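Residues 2 to 154 in my numbering are what the sequence shown spells out, letter by letter. Single-structure report; data block below.
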Amino acid sequence: MELQEVIKEHTGLSRKALEYGLTTKRLVDGAKSPGFSTADWAPLAELVAVDEFERIGNFKEVMNWQEYVEFLTGWATSADWECSFKRVTEKPGLVFLELEERSRIGDYKSIVNSVSVYEFNEAGKIRHIDVYLQMALPGNDMLKSYEGVQISE
Numbered sequence: 002m003e004l005q006e007v008i009k010e011h012t013g014l015s016r017k018a019l020e021y022g023l024t025t026k027r028l029v030d031g032a033k034s035p036g037f038s039t040a041d042w043a044p045l046a047e048l049v050a051v052d053e054f055e056r057i058g059n060f061k062e063v064m065n066w067q068e069y070v071e072f073l074t075g076w077a078t079s080a081d082w083e084c085s086f087k088r089v090t091e092k093p094g095l096v097f098l099e100l101e102e103r104s105r106i107g108d109y110k111s112i113v114n115s116v117s118v119y120e121f122n123e124a125g126k127i128r129h130i131d132v133y134l135q136m137a138l139p140g141n142d143m144l145k146s147y148e149g150v151q152i153s154e
C-alpha cells in the first residue's frame, strides 16, 4: 500500500511520520532538477526540530540536521526512491514506521524492509530518528556515498 493511500487513515504523530515520508518522496523526485540544493529541503525541515535533531542511520552513522540535509542532497540527486507502507505504531512521543523501501542508484537496485523510530519533542516536531534495515549485503558502490560519515561506536 502506498503512503498516499494510508495517510488519510492516521492522525497525530503517526500522520506526521507519514508526512515526513511523503515529503521526502516528493523532494527526492524533485532533486533531479537543475539547481537543487540543501535549501530545497525546507518543507521537510518544517516537520523537524532542526536545532536538536539527530538521526542514527542504517550503518550507525550519526548526523545532525545540517549534516543530514547535505547527505540527503547528495543521495537524492543521484537516487530514485519509493516505498510501500507496512504498518505504523504510535506511543506517547514515539512513532514506529515500517516500510518496504526500493531505491536505485545507477545500476544498483535495492529493496529493504525498514523500521524508522521517530521521537518527537513537546511541540510535535521530530527530534530524533533511528533507522533499522533488513537488507541484502550492499556492494561497494553503494557504500561510497557514506565515505567520510562518522560512525557511532
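Cβ atoms here follow ideal geometry from the backbone N, Cα and C, with glycine treated the same way. None of the values given here were measured: they were computed from a predicted structure.
With a contact defined as Cβ atoms closer than 8 Å, Glu55 and Val49 miss out at about 11 Å. Beta bridge pairing from DSSP links Val116 with Glu99 and Tyr133.
Under the 8 Å Cβ criterion, the region 63-72 does not count as touching the region 21-29, having fewer than three qualifying pairs.
In the three-state DSSP reduction, Phe86 falls in the strand class (E or B). Counting only the Cα atoms, Lys9 lies some 19 Å from Leu95. Take the alpha-carbon of Val116 and the one of Pro35: they are about 32 Å apart. Collapsing the DSSP output to three states places Val70 in a helix.
About 5 Å separates the CB atoms of Leu14 and Glu91; that is less than 8 Å, so the two are in contact.
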